[in-house]
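Participant: If you number the sequence shown the way UniProt numbering does, the last residue is 63 and the count never jumps. Even for Gly, the Cβ is constructed at its ideal location relative to N, Cα and C. Can you keep this structure in mind? I'll have questions shortly.
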Amino acid sequence: MGLPPHHVAALRNLARKKLGHDVDWINISDARALTDQGLAERGRTGWVITRAGEAALSEHERG
């Protein structure tokens, strides 16, 4: 899956957020695009990465 760089950056931020790290804000249009692809979802605490998002990020990082 080829993701634009700004979507990869948003996924990285969401992955770090899941680990409890402080992260930069996530662009809403990027988060919505990731949600449309099933890579993120809107939760009570804001946007969160899904398992599919973690897999896509892992795949991207492997190259």
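(1) Tell me, please, which residues DSSP counts as bridged to W25.
(2) By the three-class DSSP mapping on this structure, what secondary structure does G46 have?
(3) Counting along the chain, where does the alpha helix (DSSP H) carrying L57 start and finish?
(4) Let me confirm a value: L34 is counted as buried when at least 16 other C-beta atoms fall within 10 Å, else exposed. Which label applies?
(5) Taking Cβ positions, are A40 and L19 nearer each other than 8 Å?
Facilitator: The short version:
(1) As a working mapping, residue 25 is identified with position 25 in the sequence shown. Per DSSP, none; premise fails for W25.
(2) Here residue 46 corresponds to residue number 46 of the sequence shown, with the count starting at 1. Residue state, collapsed to three classes: strand.
(3) Here residue 57 is taken as the residue at index 57 of the sequence shown, counted from 1. From DSSP, the alpha helix (DSSP H) with L57 extends over R51 to R62.
(4) For the purposes of this step, residue 34 is taken as the residue at position 34 of the sequence shown. Label assigned to L34: buried.
(5) Start at 1 with the first residue of the sequence shown, and residue 40 comes out as number 40. Start at 1 with the first residue of the sequence shown, and residue 19 comes out as number 19. No; because the gap between Cβ atoms is not below 8 Å, this pair is not in contact.
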